[in-house]
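> In this text, residue positions in the sequence shown follow my numbering: the first is -13, and each later residue adds one.
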Amino acid sequence: MSFSQEHSARIKAAALQLGFDAIGITDAAIPEQDVKRYAAWLQHGNQAKMDYMKNRYDMRLNPQALFPGVKSVIVLLQAYYNGDLQEQPYKIARYAAGKDYHKRLKKRMNKLQASVQDIIGRDFASRPFVDTAPVLERSLAVKAGLGWIGKNTCLIHPELGSYVFIAELFTDLDLVPDTNQVKNRCGNCKRCVDACPSMALSNHGLDARRCISYHTIESKTDIPDGIKQSLNGWVFGCDICQEVCPHNKKVLKASDPDFMPGKHLDFVNLDYLSRIDDDQFVKTFAGTSLLRAGRIKLLKNIEAAKTGGNQ
């Protein structure tokens, strides 16, 4: 059964009413150029030790393998720009300044599923994803008309900039897709490439082997000496390539208070983390993305930032 443009319009209105900042609808096919680009990225070894980027390769490039019967993907954006952050001894990526986005967005998507069911008047098969499955989410977001992929490899929305979380609702519904894609507006600008202190950005995209975010969050090994010299105080992620982007100069501030800076930021310091144990770490940083790194790695990152000569 095919659905009308009115159904799509009502679904979009429901998503915005639930608090999402932007929504688009697309079919589930990954464009051929994106398939080739991803394969080349892996071939260059840019994923570093993130084996999950090449595992389940077929699922990542073929959404039908991930969710059989998928016809339409509802792509959602949530802004997380939280204004000028209070100066902290050590820097963490802006997305981690508030609460962990995974659970927050998942709850919102569950509500959207119920709203969609009311709109179409019947049960349907669906599955929500919030950065937890092999989905080429930026590719789907571009197809859904929600922006373009910048030279910093982030999705850039014309009004929200790149400070956005991306979520997807895979469905077996034959919805009317959005066809008006946003033109890439990076032009000749390469401020993000030039600003990256570890030279992780190039024509091949992002090389995780040189990326501060990779080494302070994903990597299981100690930060290499060459990267230490580039940390400049970053101990969990890095926002430099987003901070210098002209498209992030006048973006909308997040409306969800959960994404505003939390009290946990006050405890990202060597003295506190050295005094507590792992159980207390979990209690202090519960509900935040910093749990992903763990106490020991966060301590090592702070030590690396110090020995790198930046503190």
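Even glycine gets a Cβ: it sits at the ideal position worked out from N, Cα and C.
Note that this is a predicted model, so its numbers are computed, not measured.
(1) Might you give, ordered along the chain, the residues of its own chain that have their beta carbon closer than 8 Å to the beta carbon of residue 59, omitting 5 neighbours on each side?
(2) Does the contact criterion of 3 or more C-beta pairs under 8 Å hold for the stretch 67 to 82 versus the stretch 220 to 230?
(3) Output needed for residue 0: all residues of its chain with C-beta closer than 6 Å, excluding positions within five of it in sequence on either side, in chain order.
(4) For residue -9, count the other beta carbons within 10 Å of its own beta carbon; 16 or more makes it buried, fewer makes it exposed. Which is it?
(5) Go through the stretch 186 to 259 residue by residue and report every complete run of the beta strand (DSSP E) that reaches 3 residues or more, in order.
(6) Rounding to the nearest angstrom, what Cα-Cα distance links residue 289 and residue 228 in this structure?
(7) Rounded to a whole number of angstroms, what is the C-alpha to C-alpha distance between residue 281 and residue 253?
(8) Roughly how many whole angstroms lie between the Cα atoms of residue 258 and residue 264?
(9) What residues in its chain sit with their C-beta under 7 Å from that of residue 103, if we drop five residues either side in the sequence?
(10) Residue 65 lies in the beta strand (DSSP E); which residues open and close that run?
(11) Rounded to the nearest angstrom, what separates residue 296 and residue 4 at their Cα positions?
(12) If you reduce the DSSP assignment to three classes, tell me which class residue 46 lands in.
(13) Cα-Cα, which of 261, 251, 294, 267 is closest to residue 71?
(14) Considering only heavy atoms of the ligand SAM, does any lie closer than 6 Å to the CB of residue -6?
(15) With distances taken Cα to Cα, identify the nearest neighbour of residue 62 among 247, 287, 6, 185.
(16) When DSSP labels each residue in this structure, what does residue 296 get in the three-state scheme?
(17) Could you please give me the residues that DSSP links to residue 154 through a beta bridge?
(18) In three-state DSSP terms, what is residue 141?
(19) With distances taken from CA atoms, which of 232, 39, 136, 29 is nearest residue 119?
(20) Got a sec, what are the start and stop residues for the beta strand (DSSP E) residue 265 sits in?
(21) Over the uninterrupted beta strand (DSSP E) stretch that includes residue 16, give me the two end residues.
(22) Assign residue 271 to buried or exposed, taking buried as 16 or more other Cβ atoms, counted over all protein chains shown, within 10 Å of its Cβ.
(23) Going by DSSP in three states, residue 26 sits in which element: helix, strand or coil?
(24) So, helix, strand or coil for residue 160, using DSSP?
(25) Around the C-beta of residue 95, are 16 or more other C-beta atoms found within 10 angstroms, so that it is buried, or is it exposed?
(26) Mapping DSSP to helix, strand and coil, what is residue 169?
(27) In this structure, how does DSSP classify residue 51 when only helix, strand and coil are distinguished?
(28) How close, in whole Å, do the beta carbons of residue 201 and residue 30 come, if the pair is a contact with beta carbons under 8 Å?
(29) Hey, residue 151 and residue 66: beta-carbon distance below 7 Å or not?
(30) Output needed for residue 197: all residues of its chain with C-beta closer than 6 Å, excluding positions within five of it in sequence on either side, in chain order.
Result, derived from the coordinates:
(1) Here the set comprises 11, 12, 13, 14, 49, 126, 130, 154, 155, 156, 157.
(2) Taking a cut-off of 8 Å for Cβ pairs, the stretch 67 to 82 and the stretch 220 to 230 touch, as three or more such pairs fall below it.
(3) Excluding positions up to five away in sequence, the list reads 101.
(4) By the C-beta density criterion, residue -9 is exposed, having fewer than 16 other C-beta atoms within 10 angstroms.
(5) Counting whole runs of 3 or more residues, the stretch 186 to 259 contains the beta strand (DSSP E) stretches 220 to 222.
(6) Those two C-alpha atoms are separated by around 25 Å.
(7) Residue 253 has its alpha-carbon roughly 11 Å from the corresponding atom of residue 281.
(8) Residue 264 has its alpha-carbon roughly 12 Å from the corresponding atom of residue 258.
(9) Excluding its 5 nearest sequence neighbours in each direction, residue 103 has C-beta neighbours in its own chain below 7 Å: 109, 110, listed in chain order.
(10) Here the beta strand (DSSP E) through residue 65 covers 58 to 65.
(11) Here the model assigns residue 296 a pLDDT of 46, short of 50, so the residue's position is not dependable and the matter cannot be decided.
(12) Residue 46 falls in the helix class under three-state DSSP.
(13) With distances taken between Cα atoms, residue 71 lies closest to 251.
(14) This structure does not include the ligand SAM; it has no bound ligands of any sort.
(15) For residue 62, the nearest C-alpha among the options comes from 6.
(16) A caution first: residue 296 carries a pLDDT of 46, below 50, which makes its placement in the model unreliable, though a value can still be read off. In the displayed model, residue 296 falls within coil according to three-state DSSP, outside both helix and strand.
(17) Bridge partners of residue 154: 61, 115.
(18) In the three-state scheme derived from DSSP, where H, G and I count as helix and E and B as strand, residue 141 is classed as strand.
(19) For residue 119, the closest of 232, 39, 136, 29 by C-alpha to C-alpha distance is 39.
(20) Unbroken run through residue 265 is the alpha helix (DSSP H), 264 to 271; no beta strand (DSSP E).
(21) First-last for residue 16: undefined, no H or E at that position.
(22) Residue 271 is buried by the Cβ-count criterion.
(23) Of the three classes helix, strand and coil, the one that applies to residue 26 here is helix, per DSSP.
(24) Here residue 160 carries a strand assignment [DSSP, helix/strand/coil].
(25) Buried, by the Cβ-count rule.
(26) Three-state DSSP puts residue 169 in coil, outside helix and strand.
(27) Three-state DSSP puts residue 51 in a helix.
(28) Actually they do not touch by this definition, with Cβ atoms about 18 Å apart.
(29) Against a cut-off of 7 Å, the Cβ pair of residue 66 and residue 151 comes out as a contact.
(30) Excluding its 5 nearest sequence neighbours in each direction, residue 197 has C-beta neighbours in its own chain below 6 Å: 186, listed in chain order.
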